[in-house]
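Just add 137 to wherever you are in the sequence shown, counting from 1, and you've got our numbering.
All residues carry an ideal CB built from backbone N, CA and C; glycine is no exception.
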Amino acid sequence: MRVVSGECAPNGADHQWKGPGAVSCVLGHVIVHEVTHILQGLMRHSESGIRKAQWTGVDYQEMTWKPLQFTDEDVMLIHSGLRVRVARY
């Protein structure tokens, strides 16, 4: 699981990442990322977007003005994982 610090962005990323707004923004993305592992039933990551294994400085900057997106494969795997869960019950 990811650890979110008070400064949020790793490797000396832009100063705009300091402060409570940055923490909320990143924490929201982390929660969605982790819940998606549960929904998909997989421990996989994508090459881009919210399901990326490690976000870059550019990803953190993009988070400030729009949410990172799911890839088409991510969406398909979420639906597939939900179908499996529904079929069990």
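Measuring only the C-alpha atoms, how far is GLU184 from TYR226? 33 angstroms
Mind reading off the beta-carbon distance from PHE207 to ARG188? Whole number of angstroms is fine, and I expect it under 8 angstroms. 7 angstroms
Going by DSSP, name the residue or residues bridged to LYS189. Its beta-bridge partners are SER183.
Whole-angstrom distance between GLY194 and ILE175, CA atom to CA atom: 26 angstroms
When we look at the beta-carbon of VAL223 and count the other beta-carbons within 10 Å, is it buried (16 or more) or exposed? exposed
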